[in-house]
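Numbering (my numbering), first residue to last: 648 to 848.
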């Protein structure tokens with residue numbers, strides 16, 4: 648098995664290679680599955696993300712979401728805070744109010760309204776790689792792992808978002824890695840709590 652650094656490099660390249668009409672179709676299928684899942688689970692307050700480095704864009708899902716959207720903001724101590732965002736303009740690349748770009752070049756919300764992780768129903772977490780057991784490979788900074796590990800009380804659902812081409816048979820797991828509850832891709836939805844395989848519709 649490759650180590651995490653080697654896997655990360657290979658899977659980031661695979662994610663970026665998906666382009667053009669194939670990417671457009673993949674995102675539409677992914678967003679449809681994500682919409683069914685979030686509505687079926689009655690998820691209202693959801694932490695989303697603005698796509699970066701080839702991650703799946705969720706602009707369509709954001710515009711149709713019936714609840715509140717919160718975007719992660721990286722704090723100086725490398726913790727995540729979750730700030731309110733307008734679903735219609737949250738990740739727009741046009742110059743819009745209430746947005747900023749962090750040190751990694753990722754769009755964040757500049758809205759002062761903020762929620763703790765315990766008051767969120769779910770986190771949508773972009774993945775570099777994943778396996779069918781709910782293990783995830785991120786960019787390597789550990790922001791989401793720390794956020795989920797330091798929660799108090801109710802745990803929001805951790806929903807990984809990726810393209811199907813980012814799946815691997817198994818991932819190396821470290822003690823601090825936080826597992827996912829669901830993984831949504833263009834090829835299926837994995838309920839990692841049940842350790843099921845992706846659907847095929």
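Backbone N, C-alpha and C define an ideal beta-carbon position, used for all residues, glycine too.
Quick one: what's got a C-beta closer than 8 Å to residue i's C-beta in the same chain, skipping five residues either side?
i	result
residue 713	686 and 691
residue 722	728
residue 796	823 and 825
Let me make sure I understand the geometry here. Which of the options has the alpha-carbon closest to that of residue i?
i	options	result
residue 774	806, 678 and 823	806
residue 769	809, 747, 735 and 715	715
residue 757	683, 737 and 839	737
residue 726	700, 739 and 764	764
residue 829	781, 793, 698 and 820	781
residue 693	684, 699 and 656	684
residue 650	820, 697 and 696	820
residue 748	666, 790 and 696	696
residue 783	802, 767, 801 and 809	809
residue 719	661, 790, 705 and 801	790
Taking the alpha-carbon positions, what's the residue i to residue j distance?
i	j	result
residue 680	residue 786	24 Å
residue 659	residue 711	28 Å
residue 670	residue 663	10 Å
residue 672	residue 827	25 Å
residue 811	residue 833	6 Å
residue 837	residue 824	18 Å
residue 675	residue 689	21 Å
residue 730	residue 804	18 Å
residue 762	residue 654	33 Å
residue 668	residue 677	14 Å
residue 753	residue 794	18 Å
residue 751	residue 840	32 Å
residue 759	residue 732	10 Å
residue 746	residue 776	28 Å
residue 831	residue 704	13 Å
Counting only the same chain and skipping the five closest in sequence on each side, list residues whose C-beta sits under 7 Å from that of residue i.
i	result
residue 682	708 and 711
residue 778	814, 815, 816, 817 and 818
residue 734	709, 710, 712 and 716
residue 766	692
State the DSSP-derived secondary structure class of residue i, mapped to helix, strand or coil.
i	result
residue 706	helix
residue 664	helix
residue 715	strand
residue 692	strand
residue 839	coil
residue 804	strand
residue 658	helix
residue 784	strand
Leaving out five residues before and five after residue i in sequence, what residues of the same chain have Cβ atoms less than 6 Å from its Cβ?
i	result
residue 702	773
Taking 9 Å as the CB-CB limit, is residue i close to chain C?
i	result
residue 815	Although the question refers to chain C, the structure presented lacks it and comprises just one protein chain.
Complete runs of the beta strand (DSSP E) confined to the stretch 720-782 [at least 3 residues]
Taking 3 residues as the shortest admissible run, the stretch 720-782 contains the following complete beta strand (DSSP E) segments, listed from N- to C-terminal end: 727-732, 746-748, 754-756 and 769-773.
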